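Comments concern the structure below.
Residue numbers (mature numbering (1 follows the signal peptide of the UniProt record, and there is no 0)): -26 to -1, 1 to 76.
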């Protein structure tokens, strides 16, 4: 069995402690949606989206629509209009990929 001197143990402890603080800070710096927007966005303003999962750092599930003007809108993934916009974006992406020959 390998023997560790006290300096090595202290070094491992400090590295472990720094790792814990670093990961906690990274998680606390997440931009999470805390509530949903009530306004439905028209499809022509949406440039893309990301999904937020409550299984991760954030408290609620959300679809975050990104607009062409740089705004991020937190929306309820269960809302009918949100599902409709996701379908629209999916069709638009499929159409773009067909035009590129993929």
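For every residue, glycine included, the Cβ atom is placed at its ideal position computed from N, Cα and C. Bear in mind the structure is a predicted one, so any value in this text is a computation, not a measurement.
Quick one: what does DSSP say residue i is sitting in, helix, strand or coil?
i	result
residue -21	helix
residue 96	With the chain covering -26 to 76 only, the question about residue 96 has no answer from this structure.
residue 27	coil
residue 21	strand
Thinking residue i and residue j are a contact (beta carbons under 8 angstroms), I'd like their distance in whole angstroms, please.
i	j	result
residue 9	residue 48	7 angstroms
residue 39	residue 15	6 angstroms
residue 63	residue 23	7 angstroms
Return the CA-CA distance between residue i and residue j, expressed in angstroms with no decimal places.
i	j	result
residue 11	residue 33	16 angstroms
residue 26	residue 58	18 angstroms
Among the residues of its own chain, which have a CB less than 7 angstroms from the CB of residue i, if the five just before and after it don't count?
i	result
residue 56	37, 49 and 50
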